[in-house]
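Here is the structure we will look at.
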Amino acid sequence: MVLLERNTRVLIGLAYAIPCFTSLYMHLANNCLLPYVDFGWYFGVNTSADCDVIRYWIDFCKDFGVVALIAIVDVMTIVMIKVTAPGMRSANCSQTQKKRKREITFVKQALIQGAIFATELVFFFIVSTMQTKPVMIFLCTTVSWSLVHTIDPLVLILLNQEFRNMLLRNTRWRSRSTDEDDQ
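My numbering puts the last residue of the sequence shown at 525; the count rises by one with no breaks.
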């Protein structure tokens, strides 16, 4: 299995190590600080040739590569679902159908989240550099970053029935316990 506990721990370790390494490389080795830019109202990397090249390759290309890799895995999953669909239909087991539906929903969720994240990357790293008005720079950087981190959990909630049920169950439990405490 791909998602064994050991593999998951390695992926979590890499998810922390890679950004830490790239930040240290950018900020300490190349003096690419993160100052507040008053023109555009955002935090940005120093505008030197070295920092721009590093920022492009480390931030944009790495992040876009991760999104592309996730999209490739999603497309492979869709192909596998389509290939196994005739066999699943013949089995006609309700448990199998539920699992298949969950897998399709998960793929949709990952594709939508990937598209949202890729759009934010393009706005943040490419479109913002073409802007001359501070408001447009602010919209392409700060607002797009905030939107992607707001929309991401909304996609999760909207497409994941189990997650919605868990949230509603916890909300109901909390409201009952606070009502009992008040009495």
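Just so it is clear, CB atoms sit at the ideal spot from N, CA and C, and this is done for glycine as well.
- Under the Cβ criterion (8 Å, minimum of three pairs), the region 462-471 counts as touching the region 396-409.
- Per the C-alpha coordinates, the member of C374, M472 and L353 positioned closest to F385 is C374.
- Between V497 and I454, the C-beta gap is smaller than 7 Å, which places the two residues in contact.
- F385 carries a strand assignment under DSSP once its states are collapsed to helix, strand and coil.
- Counted as a single uninterrupted DSSP element, the stretch harbouring M368 is not any alpha helix (DSSP H), since DSSP gives it neither H nor E.
- The beta carbons of I396 and M368 sit about 6 Å from each other, so the pair counts as a contact at 8 Å.
- With 16 or more other CB atoms across the displayed protein chains lying within 10 angstroms of its CB, I479 is buried.
- Sorting I499, L353, R506 and L501 by C-alpha distance to the C-alpha of V408 places L353 at the top.
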